[in-house]
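In my numbering, the protein residues as written are 289 to 590. Even glycine gets a Cβ: it sits at the ideal position worked out from N, Cα and C.
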């Protein structure tokens, strides 16, 4: 399907079923994420998901699934070059599939996030822009049902880059290309560091003379401790129950009237206060150990 108007394509990549200890949970998270992604106010968007096995649930009408037979990376703790290569080649296939829609921009998303319903309307209003990165977003705890704002969001979450696909140097390949063909066509750096990772993206495009702009609003919510992402942390800073405004914009469950969420919020506040007090004590202790002395009587401060 083609468009005469600007269009944004969301591109997602699923981990290999053999890589996950609970692939049913992966699919549950994806179903929830797709409901959020497909709630865009501007209908000029499409979604491409790439994986080794088609999801067991019915996909939203805006979504297509592209199946690949890439091998599972070796399991380990945290991110590795192998998992980055697996994700990068799958995202590359997703970008190739997205080109059928002649997109002005593509946005890579993870299967454990919620996104703002304003993204397509905003990006489609400026089709000539190189793209944007999400400087601000939110962290959400499924278990505690509380949320907090994150500054520097693009440094912690892969769902944080919106870019013109041409800047990835999209080669003339089909969606059936092998991983070796994809790496040769896109280039190893693009596969491994731009599509399979996100930490180098903003600096790379700035150095290339095609800088991305900061998105001027919170664009996504990263879910903590899903059991399927790299973070096993609970909310360790002050957080609040989810208000109705954020629930509507991101497709989050409302928890502002949930007494359990209020209790978790109070606990997170107390924990944050205790941590800050410990940090102050540690700093004072460190200063005293470095030989700092108070001036003697009659001696002026320097």
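Assign residue i to buried or exposed, taking buried as 16 or more other Cβ atoms, counted over all protein chains shown, within 10 Å of its Cβ.
i           : result
residue 501 : exposed
residue 497 : exposed
residue 349 : exposed
residue 488 : exposed
residue 398 : buried
residue 464 : exposed
residue 467 : buried
residue 448 : buried
residue 345 : exposed
residue 506 : buried
residue 296 : buried
residue 342 : exposed
residue 413 : exposed
residue 462 : exposed
residue 539 : buried
residue 294 : buried
residue 491 : exposed
Reducing DSSP to helix, strand and coil, say where residue i ends up.
i           : result
residue 475 : coil
residue 395 : strand
residue 457 : coil
residue 448 : coil
residue 512 : strand
residue 310 : coil
residue 530 : coil
residue 344 : coil
residue 305 : helix
residue 501 : strand
residue 467 : helix
residue 443 : helix
residue 536 : helix
Taking only beta-carbon atoms, is residue i less than 8 Å away from chain B?
i           : result
residue 439 : Reference to chain B is not applicable here, since this structure consists of a single protein chain.
Can you list, in chain order, the residues of its chain whose CB lies under 7 Å from that of residue i, leaving out five sequence neighbours each side?
i           : result
residue 380 : 470, 474, 479, 483
residue 405 : 327, 328, 329, 537
residue 459 : 473, 474
residue 535 : 541, 542
residue 387 : 453, 458
residue 383 : 299, 394, 453, 456, 458
What span of residues does the alpha helix (DSSP H) with residue i cover, start to end?
i           : result
residue 491 : 489-495
residue 481 : Where residue 481 is concerned, there is no enclosing alpha helix (DSSP H), given that its DSSP letter is neither H nor E.
residue 408 : 407-412
residue 333 : Unbroken run through residue 333 is the beta strand (DSSP E), 333-339; no alpha helix (DSSP H).
residue 374 : 369-386
Excluding five sequence neighbours on each side, which residues of the same chain lie with their C-beta closer than 6 Å to the C-beta of residue i?
i           : result
residue 549 : Here the model assigns residue 549 a pLDDT of 48, short of 50, so the residue's position is not dependable, and the following value carries that caveat. For residue 549, where only same-chain residues beyond five positions count, the Cβ hits under 6 Å are 433, 434, 529, 543.
residue 298 : 325, 335, 395, 397
residue 339 : 302
residue 310 : none
residue 503 : 420, 422
residue 445 : 510
Go to residue i, then tell me how far its beta strand (DSSP E) extends in each direction, as first and last residue.
i           : result
residue 355 : 351-355
residue 296 : 296-301
residue 424 : 424-429
residue 439 : 434-439
residue 402 : 401-403
residue 419 : 419-421
Leaving out five residues before and five after residue i in sequence, what residues of the same chain have Cβ atoms less than 8 Å from its Cβ?
i           : result
residue 418 : 451, 452, 455, 493, 498, 499, 500, 501
I'd like to know if the stretch 471-479 and the stretch 390-403 are in contact, where contact means that at least 3 CB-CB pairs between them fall below 8 Å.
no
Would you call the stretch 394-413 and the stretch 341-355 touching, i.e. three or more CB-CB distances under 8 Å?
no
Does the count of Cβ pairs from the stretch 419-428 and the stretch 441-458 closer than 8 Å reach three?
yes
Count the C-beta pairs between the stretch 317-326 and the stretch 369-376 that are closer than 8 Å, then say yes if the count reaches three, no if not.
no
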